[in-house]
Each structure stands twice: as C-alpha cells, then as structure tokens.
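Residue numbers (the numbering used here): 27 to 112.
Here is the structure we will look at.
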Amino acid sequence: MTAPVIQETTTPLSHTISFVLPAGMPATEVPVPRNARVGTKEIPERTVAAHRFSDGWSDGWSEERFRWNGFSVGVVWLPSGGGGSV
27 MTAPVIQETT TPLSHTISFV LPAGMPATEV PVPRNARVGT KEIPERTVAA
77 HRFSDGWSDG WSEERFRWNG FSVGVVWLPS GGGGSV
C-alpha cells in the first residue's frame, strides 16, 4: 500500500482511486496491473497535502467528525453490505 491514497468521485456510484508512488520511481518500473479496468498514468508533479488517519475507518467516522478536524467532505461513504443508498 502506498500513501497518500486519493479518492475522487467520478459519478454518484463510482470513484477513481489513485495511489501515489515513491519519488524517483521511473514509470518503466511501475507494476503492470493484472485487471484490465486498472491503469497507470504519470501526472505532472504538484504539491498536495495528506492527512494521517490513525484508527482506520469505522462507523464512528462521520461527516461531523471530518468537519471537527477541519476537512470538507467530498465523498459519500456507504455502509458495507451493499444496502446503502445516496
């Protein structure tokens, strides 16, 4: 697993997940995905910020808790089990 991991909503029911690879890793050494739906793409360098989540994801995480920590919520988190709706 790499860090940071970036999640962007692309449609109400899908997301793009990006894994940031270590600085200095040449594009030619990036592992080739086994799944045809997964691809690799080199993007221009940019400055980003990362926040460490020390206790993982659980039902205790909520939009309110994100706001307490100074974050804006850009993703809708659904409970596991496939029964959630937006």
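C-beta atoms are modelled at their ideal positions from N, C-alpha and C, and glycine is treated no differently.
Since the model is a prediction, treat every value here as computed from it, not as a measurement.
Residues near residue i in its chain [Cβ-Cβ closer than 7 angstroms; skip 5 each side]
i, result
"residue 72", "none"
Expected contact under 8 angstroms - CB spacing of residue i and residue j to nearest Å
i, j, result
"residue 53", "residue 68", "5 angstroms"
Span of the beta strand (DSSP E) around residue i
i, result
"residue 34", "31-37"
Cα-Cα separation, residue i to residue j
i, j, result
"residue 103", "residue 44", "The predicted model places residue 103 with a pLDDT of 48, which falls under 50 and marks its position as unreliable; any figure quoted below should be read in that light. About 17 angstroms."
"residue 58", "residue 64", "9 angstroms"
"residue 38", "residue 70", "27 angstroms"
"residue 32", "residue 48", "14 angstroms"
"residue 42", "residue 50", "24 angstroms"
Beta-carbon proximity list for residue i, same chain, < 6 angstroms, skipping 5 on both sides
i, result
"residue 66", "56"
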